[in-house]
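Worksheet for the structure shown next.
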Amino acid sequence: MISNSNVRSRGIMQSKHRHFSKKLFEINSNWTSLTNLSGWNHFRIAGRRRSADKKLELELMAVCDRNIRIWIARATLRDPLQWAPGWVEPRAVAHAKEVSLLS
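Take the sequence shown: its position 92, counted from the start at 1, is 95 in this note's numbering, and no numbers get skipped.
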């Protein structure tokens with residue numbers, strides 16, 4: 004039985020976080036917010052920086068309005084309840100999650 008903690012099984016590290024390719028956090032990567040942020044859902048990574056505690060922060064720019072920019076921690080972007088990689092219809096993602104929770 005595999006617990007929620009990190010365990011080594013057949014040479015693969017299990018983690019409580021979803022695994023994302025490093026490419027998803029590079030400049031110009033596309034992300035969808037599952038809730039409206041300043042009226043928009045689709046964003047592109049426009050900048051990167053390290054916080055004082057050395058954690059990666061990403062500047063997201065709304066695709067349809069380049070004046071809308073927000074800075075968030077990479078950990079926030081990895082949260083499946085808030086964000087989805089790529090440009091997807093937010094309602095479709097929310098519906099798929101509801102269906103998977105019911106099964």
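Using N, Cα and C, we set each Cβ at its ideal position, and we do this for glycine too.
If residue i sits next to residue j, beta carbons under 8 Å apart, how far is it from one beta carbon to the other, in whole angstroms?
{"i": "L63", "j": "R77", "result": "About 11 Å separates the two Cβ atoms, so there is no contact after all."}
{"i": "L84", "j": "L37", "result": "7 Å"}
Taking the alpha-carbon positions, what's the residue i to residue j distance?
{"i": "L61", "j": "I48", "result": "7 Å"}
{"i": "A87", "j": "H45", "result": "10 Å"}
{"i": "A95", "j": "R53", "result": "33 Å"}
{"i": "S24", "j": "N31", "result": "14 Å"}
{"i": "I71", "j": "K26", "result": "23 Å"}
{"i": "K57", "j": "R51", "result": "12 Å"}
{"i": "G42", "j": "W90", "result": "16 Å"}
What does DSSP give as the partner residue(s) for residue i in the beta ladder?
{"i": "F23", "result": "According to DSSP, F23 bridges with nothing at all."}
{"i": "A65", "result": "F46"}
Here's a check: name, in chain order, each residue in its chain whose Cβ is nearer than 8 Å to the Cβ of residue i, leaving out the five neighbours to either side.
{"i": "P93", "result": "T35, S36, L37, T38, N44, A87"}
{"i": "R13", "result": "With a pLDDT of 49 at R13, under the threshold of 50, the predicted position of this residue should be treated as unreliable, though the coordinate-derived value follows. Closer than 8 Å at the Cβ level, and outside the excluded window around R13, lies no residue."}
{"i": "C67", "result": "W43, H45"}
Excluding the 5 residues preceding and the 5 following residue i in the sequence, name in chain order all residues of the same chain whose CB lies nearer than 7 Å to its CB.
{"i": "M4", "result": "Its pLDDT being 42, under 50, M4 is placed unreliably in this model, and the value from its coordinates should be taken loosely. Closer than 7 Å at Cβ, skipping near neighbours: no residue."}
By Cβ distance below 6 Å, which residues in the same chain neighbour residue i in space, the five residues on each side in sequence not counted?
{"i": "N33", "result": "R47, G89, W90"}
**Request:** Only counting runs of 3 or more residues, tell me where the beta strand (DSSP E) segments fall wholly within the stretch 70-94, in order along the chain.
**Result:** 72-76, 86-88
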